[in-house]
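**Q** Residue numbers 7 to 307, in this note's numbering, belong to the letters of the sequence shown in order.
Below is one structure. I have some questions about it.
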Amino acid sequence: MSESVKKDELRARLERLVEDARRDGRLAELEQIFRSLTTVPDTAASTGEMPMRFGMVGDSAPMQAVFKLLERVVESDVSVLVHGETGTGKELVAQALHKYGHRKAKPFLAENCAAVPANLLESELFGHKKGSFTGAIADRPGHFVAADGGTVFLDEIGDMPLAMQSKLLRVLQDGEVRAVGANTSKKVDVRVVAATNKDLVAMCKAGTFREDLYFRLNVVTITLPPLRERKGDIAHLTQFFLKKIGAEMNKQVAVTPEALIVLEGWKWPGNVRELDNVLRRAAVFAREAIRPEDIGPPIVP
C-alpha cells in the first residue's frame, strides 16, 4: 500500500471518528484526549484525571452500567458470577468486590480452574492432610481455609470437573470444607466470586455443569462488555497503559492521532489484554510517539 493511499485511509477514518464524536456530543472530549495522547515526551502536561472507578479504566455507557452494579453489591456477601470474553478484565471485578467491600482486610485468593489438573484442584481449594496422597509431605490448608473471612475467586469455573462441582456445591451449602485425607470438616466464611467466558446455561442443559451449582454461584451476574462495544474507552485505556508501560521502560511514550484512529478501528478479539500487549510491542519500536507502522500486523498490514 502506497503512502498516499495510507494517508487517504487514515484521513477518512479520522473524519468518521470526528463525525461520531460530534453526533454524540463528545467532540471536546475527543480533542482533549488527542492533546494528552499526542504530546511529545518531556513536554507532556496533564489534561485531566483518568476516568477510573473500582480500579478499572472506562467512561463508556457499558462500563458505567458495570460500575453501578458494583456499587450495589460490593458491600454484600452474595456470590457473584462474572461473565465476559477472554481479556475483558474479569479478575479486576473480583478484586474490586474484595478491595472495596468489608472483607478487604482479609485475604483474596484466586484459582484458575482450567489451569490445575483435576486430581489436584480439590487439594488446592480445600487443602490436604500429610500423607493423604503421594507428594503430600505436610498439611496444607487450601484456599477456602487460608482465605477465611475474605474472598475466593474461581476463574474459568466452566472448566471445573463435574466431580469437583459437587464438592464445591457442598461447601457453598454447608459453609464447611473437608481437606483431602481429613476425617473432620472446618467451618469457613468466604465470599465466592466465579468467572467464565462460557455459556453456563447451555452447559447445564448439556449436563456438563451442575444446575444447582449454577444457581448457587449466580446470585448476581456482572457481565463485562467486550472492548469493541466500549465506545470512547480505547483512548482512555491507551493513555493508561502508555503511562504504565513508560514507567516500566523508563521512558515517556505518546501516540499519534493516526495511530489512535487505527486502534479505535480494530475489533479487539482479545479485548483489553490484547490492547495492552499491542501497545507494549509498539512502544518497543516507537522513537517518540507511536505511529501506525509501529503497531504492525494484523492491525496494520
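Even for Gly, the Cβ is constructed at its ideal location relative to N, Cα and C.
Are P123 and G133 touching if we call contact CB-CB under 8 Å?
**A** no
**Q** Use the C-beta contact count for K96: other C-beta atoms within 10 angstroms, 16 or more gives buried, fewer gives exposed.
**A** buried
**Q** Assign N125 to buried or exposed, taking buried as 16 or more other Cβ atoms, counted over all protein chains shown, within 10 Å of its Cβ.
**A** exposed
**Q** Quick check on R78: buried or exposed, where buried means 16 or more other Cβ atoms within 10 Å of its Cβ?
**A** exposed
**Q** To the nearest angstrom, how far is the alpha carbon of S52 from that of I240?
**A** Low confidence applies to S52: its pLDDT is 34, below 50, so where it sits in the model is not reliable, and the reading given next is rough at best. Between the alpha carbons of S52 and I240 lies a distance of about 18 Å.
**Q** Please return the same chain residues whose Cβ sits closer than 6 Å to the Cβ of L127, not counting the five positions on each side in sequence.
**A** Within the same chain, L127 has close Cβ partners M170.
**Q** If L103 sits next to V80, beta carbons under 8 Å apart, how far is it from one beta carbon to the other, in whole angstroms?
**A** Between L103 and V80, the beta carbon gap of about 6 Å places them in contact (Cβ cut-off 8 Å).
**Q** Considering just the uninterrupted stretch of the beta strand (DSSP E) at F247, what are its terminal residues?
**A** Looking at the DSSP string, F247 is not in any beta strand (DSSP E); the run it does join, the alpha helix (DSSP H), is D239 to M255.
**Q** Counting pairs of Cβ atoms below 8 Å between the stretch 257–268 and the stretch 207–227, do you hit three or more?
**A** no
**Q** Evaluate H89 with the Cβ neighbour count: other Cβ atoms within 10 Å of its Cβ, from every protein chain shown; 16 or more gives buried, anything less gives exposed.
**A** buried
**Q** Below 8 Å, can you find three or more Cβ-Cβ pairs linking the stretch 55–63 to the stretch 231–245?
**A** yes
**Q** Taking Cβ positions, are D161 and A201 nearer each other than 8 Å?
**A** yes
**Q** In the DSSP assignment, what are the bridge partners of H149?
**A** Answer is none; H149 lacks a bridge partner.
**Q** Could you spell out the range, first to last residue, of the alpha helix (DSSP H) harbouring L175?
**A** L168 to D180
**Q** Cα separation between T157 and V194?
**A** 11 Å
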